[in-house]
Amino acid sequence: GGEFLSSCIFDNTLYLCVTLRRDHRVVGMSFPLLGRQATVLALPYFADNASAAKARHLYDYALRAFSLEDHEDLAKDALGLAIDLDPSFADAYESLGVIYGRHEQYDRAIDLMRKLTQLDPNSVMAHTNLSLYLMKIGKIDEAEEQKSLATLKSFQKFGEDAATKKNQELPRQDVGAELRRK
Numbered sequence: 207g208g209e210f211l212s213s214c215i216f217d218n219t220l221y222l223c224v225t226l227r228r229d230h231r232v233v234g235m236s237f238p239l240l241g242r243q244a245t246v247l248a249l250p251y252f253a254d255n256a257s258a259a260k261a262r263h264l265y266d267y268a269l270r271a272f273s274l275e276d277h278e279d280l281a282k283d284a285l286g287l288a289i290d291l292d293p294s295f296a297d298a299y300e301s302l303g304v305i306y307g308r309h310e311q312y313d314r315a316i317d318l319m320r321k322l323t324q325l326d327p328n329s330v331m332a333h334t335n336l337s338l339y340l341m342k343i344g345k346i347d348e349a350e351e352q353k354s355l356a357t358l359k360s361f362q363k364f365g366e367d368a369a370t371k372k373n374q375e376l377p378r379q380d381v382g383a384e385l386r387r388k
């Protein structure tokens, strides 16, 4: 009836990603498969209001699978599904890009990091990883530009963190001064 692409388990339910021939591609159609009853679903598998939560669950699953060297393919599949469910999930893009980078699939990793810079323009790691992957494929000038952007974003983040910390300390100082005055 079709070709198997990938699978994952979520909430004790096995989900298979397959390409189906037209006569089998009927949403809601059920048929026996591997001793179980399979039902055809269309993407997205889950209701829109649950997409972000399902994407987070898949991301967490992917991180566990990624930490076990033998399960990187499962991690890639889960991260891909997480991105499908929540296209604004920046952490999923970064993690998937890192996996592709580890396997020297730099063009794919670069594409994901570029998408990440669009989603989160202040992401230091997106620019850092872009710099690394561009250097690996010999685009030295562009890699240096990304390295500069990473440094700039890092300084901006440190400045924002310092300002936040200072603003949090001010009320405490005010309380201390008020207590001394009283």
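Take the sequence shown: its position 141, counting from 1, is numbered 347 in this note's numbering, and each next residue is one higher.
For every residue, glycine included, the Cβ atom is placed at its ideal position computed from N, Cα and C.
Euclidean distance between Cα positions of residue i and residue j
i: L340; j: K353; result: 10 Å
i: F216; j: A288; result: 12 Å
i: H230; j: C214; result: 21 Å
i: V224; j: N335; result: 32 Å
i: Q243; j: A271; result: 27 Å
i: V246; j: D266; result: 26 Å
i: M235; j: I346; result: 53 Å
i: A298; j: K363; result: 21 Å
i: F237; j: G207; result: 10 Å
i: S337; j: E348; result: 7 Å
i: T219; j: R314; result: 30 Å
i: E310; j: F210; result: 25 Å
i: G401; j: R320; result: Residue 401 cannot be examined here, being either before or after the span of the chain that is shown, 207 to 388.
i: L264; j: L355; result: 30 Å
i: L358; j: L274; result: 34 Å
i: R227; j: L239; result: 15 Å
Cβ-Cβ distance between residue i and residue j below 7 Å
i: S329; j: L318; result: no
i: D292; j: A259; result: no
i: L325; j: S294; result: yes
i: E350; j: M331; result: no
i: L302; j: L280; result: no
i: Y312; j: K282; result: no
i: A248; j: V232; result: no
Which residues DSSP lists as bridging residue i, in chain order
i: T245; result: S236
i: L226; result: G208
Cβ of residue i within 7 Å of any chain D Cβ
i: A356; result: No chain D is part of this structure, which consists of one protein chain only.
Helix, strand or coil at residue i according to DSSP, with G and I counted as helix
i: I289; result: helix
i: L220; result: strand
i: I343; result: coil
i: E278; result: helix
i: E310; result: coil
i: G208; result: strand
i: S149; result: Residue 149 is absent from the structure shown; the chain starts at 207 and stops at 388.
i: S213; result: strand
i: D317; result: helix
i: N328; result: coil
i: S294; result: coil
i: R231; result: coil
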